[in-house]
Every structure is written in structure tokens, then in C-alpha cells.
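Data block below; observations after.
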Amino acid sequence: MKRTLNLGILAHVDAGKTSLTERLLYAAGVIDEIGSVDDGSTQTDSLALERQRGITIKSAVVSFVIGDVTVNLIDTPGHPDFIAEVERVLSVLDGAVLVISAVEGVQAQTRVLMRTLRRLRIPTLLFVNKIDRRGAQDDGLLRAIAEKLTPAIVAMGSVRDPGTSDAAFLPYGPGDAAFTARLTELLADHDDAFLAAYVHDETAVSYRRLRRELAAQTGQALAHPVFFGSAITGAGVDALSAGIAELLPAAQGEPGDPVSGTVFKVERGPAGEKIAYARMFGGTVRVRDRLRFHDGQGEPRDDQKVTALSVFERGADVQRPSVAAGQIGKLWGLADIQLGDTIGEPRKDAGHHFAPPTLETVVVPARPAALGALRVALAQLAEQDPLIDLRQDDIRQEIYVSLYGEVQKEVIQATLAADFGLEVGFRETTTICVERPIGAGAAVEFNGKAPNPFLATVGLRVEPAPVGAGVRYRLAVSPGALPLAFHKAVEDTVRESLNQGLYGWQVTDCTVTMTHSGYSPRQSHSHAIFDKSMSSTGADFRYLTPLVLMNALRQAGTRVHEPMHRFTLEVPADTIGGVLPELARLRAVPRTPAMRGASCLVEGDIPAARVHELQQQLPGLTRGEGVLESAFDRYEPVSGAPPARPRTDHNPLDRKEYLLHVMRRV
Numbered sequence: 000m001k002r003t004l005n006l007g008i009l010a011h012v013d014a015g016k017t018s019l020t021e022r023l024l025y026a027a028g029v030i031d032e033i034g035s036v037d038d039g040s041t042q043t044d045s046l047a048l049e050r051q052r053g054i055t056i057k058s059a060v061v062s063f064v065i066g067d068v069t070v071n072l073i074d075t076p077g078h079p080d081f082i083a084e085v086e087r088v089l090s091v092l093d094g095a096v097l098v099i100s101a102v103e104g105v106q107a108q109t110r111v112l113m114r115t116l117r118r119l120r121i122p123t124l125l126f127v128n129k130i131d132r133r134g135a136q137d138d139g140l141l142r143a144i145a146e147k148l149t150p151a152i153v154a155m156g157s158v159r160d161p162g163t164s165d166a167a168f169l170p171y172g173p174g175d176a177a178f179t180a181r182l183t184e185l186l187a188d189h190d191d192a193f194l195a196a197y198v199h200d201e202t203a204v205s206y207r208r209l210r211r212e213l214a215a216q217t218g219q220a221l222a223h224p225v226f227f228g229s230a231i232t233g234a235g236v237d238a239l240s241a242g243i244a245e246l247l248p249a250a251q252g253e254p255g256d257p258v259s260g261t262v263f264k265v266e267r268g269p270a271g272e273k274i275a276y277a278r279m280f281g282g283t284v285r286v287r288d289r290l291r292f293h294d295g296q297g298e299p300r301d302d303q304k305v306t307a308l309s310v311f312e313r314g315a316d317v318q319r320p321s322v323a324a325g326q327i328g329k330l331w332g333l334a335d336i337q338l339g340d341t342i343g344e345p346r347k348d349a350g351h352h353f354a355p356p357t358l359e360t361v362v363v364p365a366r367p368a369a370l371g372a373l374r375v376a377l378a379q380l381a382e383q384d385p386l387i388d389l390r391q392d393d394i395r396q397e398i399y400v401s402l403y404g405e406v407q408k409e410v411i412q413a414t415l416a417a418d419f420g421l422e423v424g425f426r427e428t429t430t431i432c433v434e435r436p437i438g439a440g441a442a443v444e445f446n447g448k449a450p451n452p453f454l455a456t457v458g459l460r461v462e463p464a465p466v467g468a469g470v471r472y473r474l475a476v477s478p479g480a481l482p483l484a485f486h487k488a489v490e491d492t493v494r495e496s497l498n499q500g501l502y503g504w505q506v507t508d509c510t511v512t513m514t515h516s517g518y519s520p521r522q523s524h525s526h527a528i529f530d531k532s533m534s535s536t537g538a539d540f541r542y543l544t545p546l547v548l549m550n551a552l553r554q555a556g557t558r559v560h561e562p563m564h565r566f567t568l569e570v571p572a573d574t575i576g577g578v579l580p581e582l583a584r585l586r587a588v589p590r591t592p593a594m595r596g597a598s599c600l601v602e603g604d605i606p607a608a609r610v611h612e613l614q615q616q617l618p619g620l621t622r623g624e625g626v627l628e629s630a631f632d633r634y635e636p637v638s639g640a641p642p643a644r645p646r647t648d649h650n651p652l653d654r655k656e657y658l659l660h661v662m663r664r665v
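Here numbering that gives the first Met the number 0 is used: the first residue of the sequence shown is 0, the next is one more, and so on.
Structure, rendered in C-alpha cells:
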């Protein structure tokens with residue numbers, strides 16, 4: 000019976016995962032010649048910048064067959080600037096291969112990826128690559144993996160002649176007593192029934208049962224088999240392929256189940272049409288089906304019709320009439336689809352968190368006349384990556400984009416040049432803060448009473464909400480007191496206006512309650528048509544709401560919070576005396592250092608704005624041996640004068656300027 004496995008390959012930059020993808024495709028007969036990352040001829044790195052820099056930026060899907068298993072392999076980015084791209088892919092995987100360099104060993108991003116894989120309980124095999132390179136490690140690297148990644152590992156073979164072109168991987172078998180003993184010990188740690196059977200009668204536990212139990216525990220992400228090899232020479236790749244088919248679990252779900260899927264990638268075709276990559280968890284989608292979608296927050300979208308689709312088979316995507324549970328399909332015709340949307344009902348176990356980008360920059364067109372074209376192009380890029388989060392400043396004619404790191408600037412710059420013919424530059428990167436209300440505040444303006452020039456009554460109260468609550472909107476008035484369209488105009492405008500608070504930052508973790516409402520009913524002069532000068536419209540509520548909301552927010556007060564990263568720093572023990580003062584200078588708050596042999600481990604918190612500087616200083620402080628991991632953790636109040644962010648719209652805090660702007664628009 001044919002099975003499908005959706006497999007991710009993950010690694011630190013330059014560990015060789017794209018080369019491993021090429022080798023797997025070659026071994027499966029999908030390609031006749033192995034591409035080169037250095038030459039830019041690989042199957043999965045299709046972007047010009049990927050080929051130029053030899054790094055993966057966008058996830059790519061390619062399919063091949065191992066025995067009775069169809070593998071949809073997803074090659075993911077390894078650079079930390081693209082961790083959001085990696086996390087999107089993780090939501091659709093059945094299993095993963097984490098690639099580790101035998102020369103560089105366990106690197107910073109390797110730890111971040113393994114921690115995420117374990118947190119999400121994704122079945123994972125480890126592949127130690129580059130055993131043919133000078134300086135390749137084997138037994139010493141196994142100890143490092145057990146110490147830094149997970150102790151639940153078992154080597155599936157030994158390495159002969161490491162560090163030479165003749166390096167080979169020799170898989171263990173039933174006759175290797177040391178291997179079976181180590182495997183038994185590992186499996187017994189997680190299964191009491193297995194342990195009892197082994198203690199009762201060692202001979203009753205056959206090698207075949209050991210392998211079955213290893214597959215079961217690997218499928219539960221309790222055990223992590225380790226393979227060694229070289230993607231360049233092909234050593235060990237056959238053993239890894241066999242391990243993928245034997246040890247990783249196949250996709251679940253049946254074609255007859257209710258339709259359920261996740262959109263993990265969106266791109267545009269040659270004619271500008273949207274193409275959605277969807278992993279199906281249940282049911283079957285056919286051409287001309289009308290599908291129900293929900294966005295990333297579970298809110299329903301309008302039904303959309305599939306006009307064409309394809310599935311991945313033997314290295315290519317092939318047009319087919321349907322895509323079923325377990326498969327990955329490319330869907331056309333879904334004009335309003337967004338990254339992260341779910342097909343059918345949202346899955347109960349699908350929740351995972353994307354850390355927000357904590358940096359932003361202004362994109363500047365080389366030719367000022369190209370500003371309009373730049374807006375359109377960036378809007379299309381934001382469809383493929385919503386975390387870009389465009390902000391437009393119509394007053395200063397500037398466009399802001401959010402970032403995870405500096406390399407993303409190069410990606411945006413290269414993509415705009417190659418795909419849209421736009422040359423751009425960037426301003427200095429700055430940190431993204433948020434505002435939270437300090438107390439409660441309320442304001443109201445009544446229809447027909449000065450200084451309110453609009454035919455609407457709006458009263459709003461703003462209060463703090465628990466951290467992580469986002470923005471909550473509630474009614475303290477009767478829902479029937481206003482037409483539904485006016486209620487929606489107020490709520491939508493509240494959410495939009497809170498993108499810029501008293502200091503220009505997004506306001507979050509607050510509850511906004513409508514306390515007053517009123518409107519002028521539809522009227523007309525005698526024997527005349529509708530007269531909007533006598534009757535309320537949605538525009539009245541959209542224009543009045545920002546004034547009332549900002550007055551309430553000003554009364555409540557806000558505090559600016561900056562993003563903080565949780566960091567883990569491993570340095571040689573004899574360098575810690577120079578590292579700690581540097582951490583203090585960068586406003587980091589370290590916990591008590593812990594000694595691990597010749598190394599010292601320091602954990603703590605650091606402002607996101609200082610992470611890049613710490614990364615630059617670390618090699619000089621630690622003889623190039625320091626390893627830093629950091630990831631967004633939370634927001635903390637800014638000490639001292641709060642930083643202000645340039646507003647990207649006319650400021651409702653300045654009533655006169657705002658009303659002049661509104662009158663010009665009207």
C-alpha cells in the first residue's frame with residue numbers, strides 16, 4: 000500500500016541540506032545529474048539571490064519515491080533571518096531530517112531548530128553530513144549532540160576513515176551487540192512494557208521488535224536515530240533513505256474525511272495569478288470545488304472556487320483533477336487566499352506561534368516617481384509573507400517594512416529588482432516597540448453638539464487587558480441602537496486606529512468598549528432623493544471614531560514597551576570575565592553562569608535592539624568560540640524617555656490638522 004510522507008530538511012546555514020536534497024533526488028532517480036549550490040544549479044534554490052549566496056530563502060517542494068513511500072520533501076531556509084518561513088513549514092510536516100555538519104558540529108541555529116522540533120513533537124532523524132571533510136568528527140560529535148540537542152539519540156552505524164575522500168558509513172545490524180544494548184537502553188527509558196519484557200527475558204526481545212519499537216518511539220518524537228554520511232560523495236545516503244522510509248510516520252487522514260488543510264506558501268504565477276501551496280490533512284479537493292476558508296485567527300473568509308490544481312510527483316508538480324489527504328497540492332483560482340489560511344474547519348492541534356518581527360526599515364525607491372509601483376510590488380510580497388507588515392506614510396511618502404534581520408533587506412532588494420524592475424535602497428534599521436494602556440480612559444462626542452462636525456454619536460472606553468490578549472472590542476450599548484454597518488465601521492476603525500498610539504506605536508493588550516452610540520436616520524427633502532447632509536453614513540463613524548478613541552487613550556495614558564530576546568550564550572570558561580561586562584553594557588540581564596566542563600553557559604534577557612551588536616562583539620570576546628542563541632520572548636517597559644515612531648497617517652491627536660485632512664478628502 001502506497002504511503003505519503005511530508006518531510007522537512009532543516010539545518011544551520013551551510014550544513015549541506017540543499018546538497019542533501021540533490022543527493023536524495025539523484026538516488027531516487029528523479030534527476031540525472033546532481034546540482035551544485037556553489038554553481039547555483041540545484042532543484043530547490045530557484046531564487047537568484049539563493050543561487051548567488053548559496054543559501055535557502057524560500058521553502059521549496061519536490062517529490063520522490065523510496066520503496067512504497069512517496070516523499071514530499073520541503074527544503075527550508077537555514078538562516079535565522081528566515082525562521083518564520085521555517086515555522087510555517089513545520090505546521091505541515093509528518094517528519095524531519097535535521098542536518099549537522101561533521102566539521103562545525105552543533106551550531107547556534109541547530110539548537111534553535113531542534114528545540115522547536117521537540118516542542119512541536121515532530122519526529123526527527125539526525126544526519127551528520129560532511130564526514131569526508133578534513134576535521135570531521137564522529138564519536139565526539141555524538142557526545143555534543145547528546146549534551147546540546149537531546150540525550151535521546153542512537154547512532155545507527157559507524158564511520159570509517161572520517162575526514163578523507165574514502166569516508167564511509169557502516170550501518171549496524173543485529174550482530175552488533177553494543178548497538179543493540181544501547182538501543183534497548185534508549186527504548187526502555189520511554190516504554191515500561193518494553194522494559195518489563197526485556198527484564199523478564201532478554202532473549203524474548205528480538206532485533207525485529209527492537210526496530211519496530213524504534214520506529215514507534217521515533218514517530219512519537221521520543222527517540223532520534225543518528226545517521227552519518229556525505230551529501231557530496233553519497234556516503235550514508237542510502238542508509239538515510241532507508242531510515243526515512245522505515246522510521247518516520249506516514250501522513251494520516253483519509254480521502255473520505257471532511258476537507259481539512261493548511262496553506263503554507265503563496266506565490267504568483269507568470270500571469271500574476273495567486274498560487275496556494277496547501278497540505279491536506281483530510282478529505283479531497285477537486286477542481287471546481289467551492290472551498291470554505293478561515294484566516295490565521297480562525298475567522299471565516301468568503302468561499303472560493305478552485306479553477307486548477309496540481310500535485311507533486313517524481314520531482315515535478317503535475318496537473319491532476321484532485322488532491323487528497325496526505326498530499327501537498329498547488330491550487331489556482333483563490334484570489335483572496337492568504338498565507339496561514341485553513342481549508343475547511345481549523346484543526347484543533349494546529350496552533351503554533353510566529354514570533355513577531357522586531358525590526359523595521361524604510362524602503363526608498365531609486366527613482367521617486369516609482370513610489371506607486373513600489374507600493375504595489377511590496378503589497379504582493381506581503382501576500383507571500385504577511386509578517387513583512389507594510390506601513391505607508393502618505394504624509395512623508397515613505398513605506399516601512401518589518402524585518403527579522405539584515406539579510407532580509409538583500410532578499411527584498413533582489414526580489415524587487417528581478418521580479419518588478421525596481422531599484423531600491425533602505426534607511427537605517429530600527430526596533431519595533433508597542434504601547435500598552437496604563438489605566439482607563441473614556442471619551443464621547445454627540446451627534447449635533449459642538450465640536451463634533453459629523454452626524455454620529457460615538458463613546459468609547461479604553462482599559463488595560465492581560466498581556467497577550469491583543470485588542471478586545473465590546474459593546475455596552477444595545478446592538479440594535481445602530482445599523483449593523485455603522486457598528487462594523489466603528490469596530491474596524493478602532494482596530495485600524497490602534498496601529499498608532501500616543502507615541503506612534505501599535506497599541507495592544509487593551510479592551511475598547513463602545514459606551515454611547517447614535518445616528519441621524521436616512522432623510523430627504525420633500526420629493527427629493529436621499530440627502531447625506533441630513534443622514535448619517537458609515538463615513539461619519541469612520542471619521543469620528545479616531546478622534547474619540549485617541550481622546551480616551553490620552554486619558555488612559557500608554558507606556559512604550561520594547562521587544563526583549565531570551566538568549567543562551569556558551570563561551571569558553573576563561574573568557575566569561577570579559578563577556579559579562581559587555582552584556583551589562585548592552586543592557587542584558589544574565590542569570591548565574593553555569594559551568595559545563597571547559598565551557599560556561601549563560602542565559603538571560605537582552606533588548607532586541609542590542610542582539611546584532613552582541614553578535615558582532617562575540618567572536619572577539621571569545622576567540623571565535625562563543626555560540627549565541629536568541630529569540631523573541633516578550634515586551635518590557637522602556638526605561639527613560641519613550642521613543643516615538645513617525646506616524647503614517649494624519650494625526651487624530653491634532654484635531655485641527657485631522658479635520659482639515661478629512662474635509663479635503665470629503
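C-beta: ideal position from N, C-alpha, C; glycine also.
Close Cβ partners of residue i (< 8 angstroms) along its chain, the five nearest in sequence each way excluded
i, result
"Ile605", "Met563, His564, Phe566, Leu582, Leu585, Arg586, Ala587, Val588, Leu613 and Ser629"
"Trp504", "Ile431, Cys432, Val433, Glu434, Val559 and Arg644"
"Asp418", "Ala376"
Sub-7 angstroms separation of residue i and residue j beta-carbons
i, j, result
"Leu185", "Val153", "yes"
"Ile364", "Val423", "Position check: residue 364 holds Pro in this sequence, whereas Ile was assumed. In contact: Pro364 and Val423 (Cβ atoms closer than 7 angstroms)."
"Asp393", "Ala464", "no"
"Pro161", "Ile121", "no"
"Val601", "Leu568", "yes"
"Thr217", "Leu246", "yes"
"Pro170", "Ala238", "yes"
"Ala230", "Arg22", "yes"
"Pro254", "Ala324", "yes"
"Val476", "Ser516", "yes"
"Ala244", "Gly66", "yes"
"Val225", "Leu125", "yes"
Selection from the options that minimises the alpha carbon distance to residue i
i, options, result
"Tyr518", "Lys448, Ser90 and Ala250", "Lys448"
"Ala538", "Pro580, Ser401 and Asp491", "Asp491"
"Pro636", "Val433, Glu272 and Gln616", "Val433"
"Thr179", "Ser164, Met155 and Glu312", "Met155"
"Phe445", "Leu9, Phe540 and Asp340", "Phe540"
"Gly639", "Glu561, Val284 and Asp137", "Glu561"
"Thr430", "Gly339, Phe631, Glu344 and Thr341", "Phe631"
Beta-carbon contacts of residue i that lie in its chain and below 7 angstroms, excluding the five residues immediately before and after
i, result
"Ile575", "Pro592 and Cys599"
"Ala572", "Met594, Ala597, Ser598 and Cys599"
"Arg319", "Leu308, Ser309 and Val310"
"Asn451", "Glu444, Phe445 and Leu543"
Exposure of residue i, with buried meaning 16 or more beta-carbon neighbours within 10 Å
i, result
"His11", "buried"
"Leu620", "buried"
"Val375", "exposed"
"Glu427", "exposed"
"Ala555", "buried"
"Met662", "exposed"
"Ile327", "buried"
"Val493", "buried"
"Arg278", "buried"
"His611", "exposed"
"Gly371", "exposed"
"Gln499", "buried"
Residue i Cβ short of 6 angstroms to the ligand ATP heavy atom set
i, result
"Glu272", "By its list of ligands, the structure shown contains no ligand whatsoever, and the ligand ATP lies outside what it can speak to."
Other residues of its chain near residue i: CB distance less than 6 angstroms, five sequence neighbours each side excluded
i, result
"Arg52", "Note on Arg52: pLDDT 42, under 50, position unreliable in the model; no value is reported."
"Asp316", "Ser309 and Lys329"
"Ala275", "Val262, Val265, Leu330, Leu333 and Ile336"
"Thr510", "Glu462, Ala464 and Arg471"
"Gly623", "none"
"Ser45", "Note that Ser45 scores 43 on pLDDT, short of 50, meaning its location in the model is unreliable; the coordinates nonetheless yield the value given after this. If we look at Ser45 and ignore the five residues flanking it on each side, it has no Cβ neighbours."
Continuous beta strand (DSSP E) stretch holding residue i: start and end
i, result
"Gly596", "Gly596 -> no beta strand (DSSP E), and no H or E assigned at all."
"Leu628", "Looking at the sequence shown, residue 628 is not Leu but Glu. It spans Val626 to Pro636 - the beta strand (DSSP E) in which Glu628 sits, taken as one unbroken run."
"Met279", "Lys273 to Gly281"
"Ala154", "Ile152 to Ala154"
"Gly260", "Ser259 to Arg267"
"Gly343", "Thr341 to Gly343"
Host alpha helix (DSSP H) of residue i (start-end)
i, result
"Thr179", "Ala176 to Ala187"
Interface flag, residue i vs chain D, CB-CB below 7 angstroms
i, result
"Asp573", "Absent here is chain D; the protein component of the structure consists of one chain."
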